[in-house]
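Numbering (the working numbering), first residue to last: 2 to 96.
If you want it as structure tokens, here you go:
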């Protein structure tokens, strides 16, 4: 894995983790998990804890990057996710 692939995978992991655990668009998913397993269940905690979710997202990204490393599709997807994450951080900081 090159440094560029690592950094893009890192950015994608940050963005996907934030999407799952915090974003309004995924609130329905988090509610569904809580309804299905209970508010105090481990699955509910998993989808609301950034540290917990990032382990699984990072594992998936590592496998995906290893299997498809260097492909244009992966680079486009991870670049878009990384830029989205950085834009979100910048907008919080600049606002």
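Beta carbons are placed, not taken as given, at the ideal position from N, Cα and C, and that holds for glycine.
Considering only their Cβ atoms, is the gap separating residue 12 from residue 136 smaller than 8 Å? The structure shown has nothing for residue 136, since the chain only spans 2 to 96.
Using the Cα positions of residue 88 and residue 33, report the straight-line distance between them to the nearest angstrom. 29 Å
Return the first residue and the last residue of the alpha helix (DSSP H) that residue 58 is part of. Note, residue 58: alpha helix (DSSP H), 51–69.
For residue 10, which of 55, 27 and 95 has the nearest alpha-carbon? 55
Under three-state DSSP, which class holds residue 1? Within the shown structure, residues of the chain are numbered from 2 to 96, placing residue 1 beyond reach of any answer.
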